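Under this note's numbering, the sequence shown is numbered contiguously, ending at residue 725.
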Amino acid sequence: MVMSSHDASPENAQAWAFLHLLSEKHSIKIDQAWQLQTHQTGPYGFFRLTGEMSNHETLDWFLKLVAPQKAKRMLEGQVLVDAMMSTHQDLSIDANVVFSVPPMVQGFPDTVSEDVTALAFPFWEGRFTDYEGSDLRLLGQALGQLHRRLKNLPQAEKIRAGGEERHAMLTARWKMLLQSPERMAQLPTEAQACLKAHSPDWLAHLMDDGQPVHGDLNVGNVLFRPDGRVAFLDFEDSLTAWFDPLKDLAFVIERFVLCVHEPEQLAAMSHTLLDAYQAQNPVAIRSETRFIDLLQGLAIRAFLILAELQLTTSQEIPKSEWQKFAFLYNLTFRHETELKAIAAPYVVKT
376 MVMSSHDASP
386 ENAQAWAFLH
396 LLSEKHSIKI
406 DQAWQLQTHQ
416 TGPYGFFRLT
426 GEMSNHETLD
436 WFLKLVAPQK
446 AKRMLEGQVL
456 VDAMMSTHQD
466 LSIDANVVFS
476 VPPMVQGFPD
486 TVSEDVTALA
496 FPFWEGRFTD
506 YEGSDLRLLG
516 QALGQLHRRL
526 KNLPQAEKIR
536 AGGEERHAML
546 TARWKMLLQS
556 PERMAQLPTE
566 AQACLKAHSP
576 DWLAHLMDDG
586 QPVHGDLNVG
596 NVLFRPDGRV
606 AFLDFEDSLT
616 AWFDPLKDLA
626 FVIERFVLCV
636 HEPEQLAAMS
646 HTLLDAYQAQ
656 NPVAIRSETR
666 FIDLLQGLAI
676 RAFLILAELQ
686 LTTSQEIPKS
696 EWQKFAFLYN
706 LTFRHETELK
716 AIAAPYVVKT
């Protein structure tokens, strides 16, 4: 097996040993293996494997070596994916289905040691977004189709229960912080200011018109494929993602538009996304401040998750994480006019 690695450490060598073990267990011939540049350390990491299957078919896999607990959550997310992709729903609004989700390779996940589990997927060629209108139009179309599939998942009630439980935990943490100045003072000042600016009960608006959604549509989880389809990756957050579908759209607008384009471009770029989405999955926007509320809610929710980690596990949260969400929260004030203009054409008149 020809291997290419950016790290010759003993821990890295252990990862390569696991690849040899997998090749024997699955009767595959690995011709080449590349470790992809990621933040994982130790024996964990992401790899591309090419070679030949036992039936002489070509092998081209994207392999993840992860901790067992993480693998468990990833597998649960994959169960949702499999259920979604096996349902045959009416997509007559546009017969051209442009979203896709990679399946897991048969025989995985596979335990390779007490501390490492392997998950394999077909390797799909693709690129991340160029942030231009053509990508936003395709992404809007694909996300509308994805939400229509997710809405009718057989696990929808389980997702709802999990989402409501997580919401209750976060709001309880928020109320505790407001009632305990000593605990609140342990958080960075920018997080304190945001948490004091709202009431815990306000956060429930994220779940208005709730349904299962993806939950983590950052740029790295959206792959634009050469065949013109969009691949959505990493559905672990979907396990408890019971939200207004506009929450996913707000997240996309934040990461693909607000953080990239000039103020005068924001409305037009966002409307390209929203027009394509609404053609596939019409949703109601009830106020021109809806995207402001959603984005502030997402930042507050992120602060609460970080606070939960810091206060219950004594885990030191990098300052940059707090600063990132403070920046995103404040972005809603900087672009208040533009965010209202983005929502305005779609607001339902009452």
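Here a beta-carbon is modelled for each residue, glycine too, at the ideal position from N, C-alpha and C. On a predicted model such as this, the values are computed, not experimentally measured, just so you know.
Same chain only: Cβ atoms within 8 Å of residue i, ignoring 5 sequence neighbours per side
i, result
"Pro497", "Asp435, Trp436, Phe437, Pro477, Pro478 and Val480"
"Leu608", "Val476, Pro477, Gly595, Asn596, Val597 and Leu598"
"His636", "Tyr506 and Met644"
"Ser461", "none"
Minimum C-alpha distance to residue i - residue among the options
i, options, result
"Phe421", "Phe393, Asp406, Ile403 and Ser402", "Phe393"
"Met459", "Leu424, Gln520, Asp510 and Val441", "Gln520"
"Lys400", "Thr433, Thr486 and Leu648", "Thr486"
"Glu500", "Arg600, His636, Arg535 and Glu639", "Arg600"
"Leu684", "Ala560, Leu545 and Asp619", "Leu545"
"Ser509", "Val632, Phe610 and Ala408", "Val632"
"Ser429", "Lys404, Ala442 and Gln444", "Lys404"
"His522", "Glu507, Gln586 and Met644", "Gln586"
"Ile717", "Ile628, Val635 and Asn527", "Ile628"
"Glu451", "Arg709, His636, Gln530 and His542", "Gln530"
"Leu397", "Pro443, His414 and Ala493", "Ala493"
"Ser488", "Arg423, Gly603 and Gln444", "Gln444"
"Ala517", "Pro693, Lys447, Gly603 and Lys533", "Gly603"
"Pro620", "Ile534, Pro638, Glu540 and Val658", "Val658"
"Leu624", "Arg448, Ile692, Lys447 and Gly590", "Gly590"
"Pro575", "Val588, Arg665, Met551 and Glu611", "Met551"
"Glu532", "Val588, Ile692 and Thr664", "Val588"
"Arg448", "Phe610, Thr664 and Cys634", "Phe610"
"Glu432", "Asp457, Ser402, Ile692 and Arg423", "Ser402"
"Asp457", "Trp409, His395, Ala547 and Leu528", "Leu528"
"Arg665", "Asp584, Gln640, Ala536 and Arg535", "Asp584"
"Leu578", "Ser555, Ala547, Glu663 and Ile534", "Ala547"
Whole-number beta carbon distance between residue j and residue i, since they are thought to touch under 8 Å
i, j, result
"Lys622", "Leu669", "6 Å"
"Leu455", "Ser695", "Not really, about 31 Å apart at Cβ, beyond 8 Å."
"Ile660", "Val723", "7 Å"
"Glu713", "Ala642", "6 Å"
"Trp549", "Met582", "The pair is not a contact, with the Cβ atoms about 15 Å apart (cut-off 8 Å)."
"Leu686", "Gln561", "7 Å"
"Val473", "Leu525", "Actually they do not touch by this definition, with Cβ atoms about 15 Å apart."
Buried versus exposed call for residue i [16 or more other C-beta atoms within 10 Å across all chains shown]
i, result
"Gln453", "buried"
"Thr615", "buried"
"Gly538", "buried"
"Cys569", "buried"
"Leu411", "exposed"
"Thr707", "buried"
"Asn656", "buried"
"Phe702", "exposed"
"Ser689", "exposed"
"Pro720", "exposed"
"Ala543", "exposed"
"Thr416", "exposed"
"Ala682", "buried"
"His710", "buried"
"Arg502", "exposed"
"Gly572", "The sequence given here places Ala at residue 572; Gly does not occur at that position. Flag for Ala572 reads exposed."
"Ala727", "Coverage of the chain is limited to positions 376 through 725, which leaves residue 727 absent and any answer about it impossible."
Nonlocal neighbours in the same chain, by C-beta distance under 6 Å from residue i, ignoring five residues either side
i, result
"Ala495", "Trp436, Leu438, Val480 and Phe483"
"Pro563", "Trp697"
"Leu553", "none"
"Phe626", "Leu592"
"Gln567", "Met559"
"Asn705", "none"
"Glu565", "Ala701"
"Gly515", "Leu648, Ala651 and Tyr652"
Own chain residues within Cβ distance below 7 Å of residue i, not counting five before or after
i, result
"Pro418", "Glu386, Gln389, Ala390, Phe393, Leu440 and Val491"
"Phe700", "Ala674, Ala677 and Phe678"
"His580", "Asp668 and Gly672"
"Leu511", "Phe631, Met644, Thr647 and Leu648"
"Thr425", "Asp406, Gln407, Leu434 and Asp435"
"Arg541", "Thr615"
"Pro638", "His710 and Glu713"
For residue i: DSSP bridge partner residues
i, result
"Ala606", "Ser475 and Leu598"
"Gln586", "Phe618"
"Gln496", "Here the sequence assigns Phe to residue 496, which means Gln is not the residue at that position. DSSP, once it has assigned bridges, lists Phe437 as partnering Phe496."
"Gly420", "Leu440"
"Thr486", "Thr492"
"Val722", "Ile660"
"Arg502", "Phe599"
Residue-level contact to chain B via CB, residue i, 8 Å cutoff
i, result
"Val723", "The question asks about chain B, but that chain is absent: this structure has only one protein chain."
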